[in-house]
Each structure stands twice: as structure tokens, then as C-alpha cells.
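**Q** Counting the sequence shown from 1 gives a position; this note's numbering is that position plus 497.
Heads up, the beta-carbon is just placed ideally off N, CA and C, and yes, glycines get one too.
What follows is a single structure, and I will ask about it in a moment.
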Amino acid sequence: MIKNIGVIGAGTMGHGIALSFALYGYDVTLYDAYEIQLKKAMTEIAGELSLLAEEQFIEPQSIPATLARIKVFSDLEQAVQNRDYIIEATPEILELKQNLFKQLDELCPTHTILASNTSSLKLDGMMALISDERKQRMIVNHWYNPAHLMPIVELSCFGNMPLELYTEVEQLHAAIKKQTVKVLKDVPGLVANRIQQGVAREVFSLIELGVAEPTDIDKALKFGPAFRYATTGQLEVADFGGLDIWSIVGDNLLKEMDNRQGANNLLKQKVAEGKLGIKAGEGFYKYAESEIPEIKKKFMKKLIHQLKASEYYTQE
């Protein structure tokens with residue numbers, strides 16, 4: 498049984514993953530080479546727990562116990578020595594991950610399962626330097642940002658891991674109220690990111706063509722397709738609408754839509770101009786520096802409300 502969790506990397510994804518497991522009673526070690534990043538992560542975790550309590554998702558009295566379940570380490574060996582399940586959330590650099598997993602293979606108990614939060618690197622490549630025995634206990638475990646609020650977790654089922662062990666990993670995530678997606682083939686982007694990029698390609702194209710302003714395009718998505726997608730998947734939507742209708746509309750519309758194979762030129766232009774989004778104060782929208790903390794808080798609150806609602810529509 499998986500009881501002790503290790504998280505490697507205390508950045509944006511890592512600290513949210515650590516919070517998620519600790520919130521549901523798991524003992525968690527959080528490793529980062531930089532002490533300052535560990536302190537920042539714990540401050541962020543405390544703030545995110547407070548917001549969850551403010552929005553009545555958790556009880557305020559549960560916060561101290563949740564924080565106490567997370568122990569931070571800047572020494573890798575100490576962080577992983579008695580862990581059952583370890584997930585790394587480090588930069589998407591193949592050589593870095595290969596060397597990290599080689600270290601983990603040598604430092605961890607033989608029963609430890611190793612997982613990667615990657616969505617762009619192949620499992621076979623990351624496993625290149627580990628033992629054959631450990632390859633049967635390694636998995637891609639891709640979370641969405643913010644990790645503690647987004648319910649989805651994509652899990653690889655590529656044939657290297659025994660099915661009963663995969664099921665144990667699946668049950669682990671069910672225990673922290675995550676919706677798992679079993680990915681059967683190792684393709685770039687897995688499932689959710691590929692769907693998201695398909696939507697993004699058309700959205701960026703509509704902006705480039707001047708079809709509507711950014712606010713109206715976002716409104717069309719939020720209160721049109723995304724409104725249904727919150728509760729109903731695309732294949733269910735197609736069945737409800739009629740596959741004959743979807744076939745006819747596809748023939749008529751898809752040839753008119755964006756089919757480029759790279760990032761939109763408008764997107765590249767924004768990047769070249771340093772307009773990177775909220776972190777730069779401007780992207781498709783402008784953000785006053787003094788208002789950014791409140792904008793981020795409002796965004797988190799919306800996700801918390803959606804997370805609470807999802808408990809209803811995920812019931813069988």
C-alpha cells in the first residue's frame with residue numbers, strides 16, 4: 498500500500514502536488530536543491546490552504562495538520578529514503594530527468610514507484626539509465642496547473658508496469674479525489690494537452706483574423722463549448738447532437754479552419770515583444786502590477802467553485 502509520498506521540485510507544480518497529497522492525509526517529503534525555494538513553497542502552500550478554507554472547501558482547523566504532513570529537504574537522499582511513491586516535477590530536460598531517475602533508482606527502496614510529471618518527454622527516454630527491475634515501477638503522472646485545484650491526472654499505461662501496480666497508482670489518486678485518465682500510447686502531449694492545443698490553435702487564429710475581440714472570443718468559449726465541456730465530454734456531446742450532424746458540419750467547416758503545424762505568428766509576435774501574459778503585465782490583456790495578486794486570487798476562487806461543483810457531475 499502506498500502511504501509515503503515524495504515530491505522532487507518545489508516549484509509551481511511540485512508544491513501543488515505536495516499540498517494535494519498532504520491534504521488527504523499522506524505523509525509527504527518535498528525536495529528542492531534550494532532552501533529559498535522550499536521556504537517560498539511552504540509560504541505558498543499555507544496561502545493556498547487559507548484560500549481553500551476561505552471558500553469553505555476545507556475546514557480552517559485542518560490547515561496546521563496538513564502543513565505538518567509536509568517535510569522539506571534540500572538533501573535528496575534524506576528526502577527519498579523511505580518513500581513508496583515519488584513524483585518529480587523538474588524542468589523538461591531529458592538529460593536532467595535521466596540522471597535524476599538514475600539517482601532515485603539507486604537511493605530508493607526496491608518497492609518505490611517512480612513517476613514523472615512530464616507531458617512532453619517519452620517514458621522510454623527517461624528510463625534509459627535505470628535498472629530493468631525499476632522500469633516496471635515507473636510511470637508518467639501528469640498533473641494540470643494549479644495541481645491542487647485541477648482534478649485531472651494523466652497516467653501512462655504503456656505496458657512496462659504490471660496492471661495490478663498500475664491499479665494501485667490509480668487508486669492512490671482516487672483517494673485524493675483526482676480524476677485519472679489512462680493513457681495507452683506514448684504520444685507527445687498525452688491527451689488533455691493535445692485537446693487544449695487544438696482549441697488554442699483556432700482561438701489564436703480568430704484573433705489573428707480579427708473575427709472578434711479577445712474578450713468576446715473568451716466569452717464564446719466560456720459560455721459555449723466550455724460550458725458543456727465542464728460536465729460533458731466531446732464524444733458525449735457528439736452522441737447527443739447526432740453523429741450525422743457532426744459529420745456534415747465537419748465537412749463544411751474544418752476546411753475553413755486553421756490547420757497550421759506550428760505556433761501562431763501572432764503568438765510569436767507577442768513573445769518577441771515581451772508580452773508574455775500576466776507575468777509580464779501584458780499578453781492579450783493588460784494587467785496593472787498592483788492588481789495582479791487580486792486577479793490571481795479571483796482566478797483561484799473560480800477554480801475552487803468549479804471543483805466543488807464537479808463533485809456533483811462526476812457522480813455515477
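What's the call for residue 503, buried or exposed, on a 16-neighbour Cβ count within 10 Å?
**A** Residue 503 should be labelled buried.
**Q** Helix, strand or coil for residue 736 per DSSP?
**A** If DSSP states are grouped into helix, strand and coil, residue 736 belongs with the helices.
**Q** In the structure shown, what three-state DSSP assignment does residue 639 receive?
**A** Correct three-state label for residue 639: strand.
**Q** Determine the DSSP secondary structure at residue 673, reduced to helix, strand or coil.
**A** Coil at residue 673, not helix or strand.
**Q** Between the C-alpha atoms of residue 775 and residue 607, what's the straight-line distance to the nearest angstrom?
**A** C-alpha separation (whole angstroms): 44 Å.
**Q** Would you mind stating whether residue 614 and residue 636 have Cβ atoms separated by less than 8 Å?
**A** Their beta carbons are not under 8 Å apart, which means residue 614 does not touch residue 636 by this criterion.
**Q** According to DSSP, residue 570 sits in a beta bridge with which residue or residues?
**A** Residue 570 is bridged to 528.
**Q** Just verifying my parser: in three-state terms, what is the DSSP assignment at residue 772?
**A** Correct three-state label for residue 772: coil.
**Q** What is the DSSP secondary structure of residue 650, counted as helix, strand or coil?
**A** Here residue 650 sits in strand by DSSP.
**Q** Measuring straight from C-alpha to C-alpha, what distance separates residue 515 and residue 708?
**A** Whole-angstrom Cα-Cα distance: 42 Å.
**Q** Taking buried to mean at least 16 other C-beta atoms within 10 Å of its own C-beta, is residue 545 buried or exposed?
**A** Its Cβ being crowded by 16 or more others within 10 Å, residue 545 is buried.
**Q** Can you tell which of 714, 706, 803, 519 has the C-alpha that lies nearest to the C-alpha of residue 696?
**A** Selected option, being the one with the closest Cα: 714.
**Q** State buried or exposed for residue 602, treating a residue as buried only when at least 16 other CB atoms are found within 10 Å of its CB.
**A** By the 10 Å Cβ count, residue 602 comes out buried.
**Q** Locate the alpha helix (DSSP H) running through residue 627, then write down its first and last residues.
**A** Looking at the DSSP string, residue 627 is not in any alpha helix (DSSP H), and its letter there is neither H nor E.
**Q** Whole angstroms is fine: what's the gap from residue 663's alpha carbon to residue 654's?
**A** So the alpha carbons of these two residues sit roughly 7 Å apart.
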